[in-house]
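Here is the structure we will look at, set down as structure tokens.
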Amino acid sequence: MAFSKSAPIQLHYQLANELRNYIQSGTWNIGDLFPTDREVMEKYNVSATTVRRAIKQLVNEGWIERRPGKGTFIKKEPIKEELGHLTGFFEEMTNKGFVPNAEILEIKEVIVNDAVLKEFPELKRLNEDKLMLIKKLHKINDKKLVYVNSFWTLEYGKELAKYDLSNTGVYEIANRFLNVQLTRAEETISAKAATKEEAELLDIKKGEPVLLMERLTYQNDTPIEYAYNVYRADRYRYNIVLHKNQIDKEWQ
4 MAFSKSAPIQ
14 LHYQLANELR
24 NYIQSGTWNI
34 GDLFPTDREV
44 MEKYNVSATT
54 VRRAIKQLVN
64 EGWIERRPGK
74 GTFIKKEPIK
84 EELGHLTGFF
94 EEMTNKGFVP
104 NAEILEIKEV
114 IVNDAVLKEF
124 PELKRLNEDK
134 LMLIKKLHKI
144 NDKKLVYVNS
154 FWTLEYGKEL
164 AKYDLSNTGV
174 YEIANRFLNV
184 QLTRAEETIS
194 AKAATKEEAE
204 LLDIKKGEPV
214 LLMERLTYQN
224 DTPIEYAYNV
234 YRADRYRYNI
244 VLHKNQIDKE
254 WQ
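Under my numbering, think of the first position of the sequence shown as 4, with each following residue one higher.
Here's what the structure looks like:
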């Protein structure tokens, strides 16, 4: 890959993004020896300074680690979420062996006016004049991962607000205590640049790439929640498994 010196992103950031993508793609496993600085310099035709800065960034993010006298090694793989299953963040992460928790930022009623709809256009699909907004910062092993804006119809939002949402997922509470049966969800995933607020909450720089997940969740045929979730792209990825028989079935 050729890097652009005229691009607004500095060379070491471009290189770090490229190397991070390789780690996330499964090119290496945890514990594998990472290429030497010289090998990276020769492969990408960049200076030793650029390589050192890129490697330092990946070390700080926890992707790789330096072992004096031994080399550089892969330290971790990104957290992955399987698509196609209607599960909440807490359930998904607990099943993968992580320890999830949430910092509650704000819980309040919001009037669905023009200003709110301009920021969150999908709220019109809930067809409500007022909603309960639950703002949270999801963490894994105390590391910030997702900034959550979860809008619930008042019927359920007021009840959810009575519970401790810092150590239990809202879907689990809704199911166990409110007798809510979540039957399906519509979800879209896209990339965006982090806003100032998102960057400050996720400990990244404004304008850095993040993953945006929008989900409209239904009970039977009635939508009851809309979630606008912003993920740190350097710590998270989605894993999609496609089955030929299922694809063929859609075309029959």
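By construction, the Cβ of each residue, glycine as well, lies at the ideal position given by its N, Cα and C atoms.
All of these numbers come straight from a predicted model, not from anything done at the bench.
Considering Cα atoms alone, identify which of 174, 75, 168 is closest to residue 33. 75
Relative to the C-alpha of residue 209, which residue among 217, 134, 220, 199 is closest? 199
Residue 225: beta carbon under 8 Å from a heavy atom of the ligand GDP? No copy of the ligand GDP occurs in the structure displayed, which carries no ligand at all.
If we require 4 or more residues per run, which alpha helix (DSSP H) segments fall completely within the region 144–219? 157–163, 173–180, 199–205
Strand pairing of residue 75, partner residues [DSSP]: 69
Hey, out of 169, 221, 40, 50, whose CA is closest to residue 143's CA? Answer by Cα proximity: 169.
Quick check on the DSSP output: the alpha helix (DSSP H) that includes residue 45 runs from which residue to which? Note, residue 45: alpha helix (DSSP H), 40–47.
Quick one: what's got a C-beta closer than 6 Å to residue 60's C-beta in the same chain, skipping five residues either side? 19
Measuring only the C-alpha atoms, how far is residue 237 from residue 21? 11 Å
Given this structure, state the Cα-to-Cα distance separating residue 136 from residue 113, to the nearest angstrom. 7 Å
Using 9 Å as the threshold, is the C-beta distance between residue 233 and residue 215 below it? Cβ distance < 9 Å, so residue 233 and residue 215 count as in contact.
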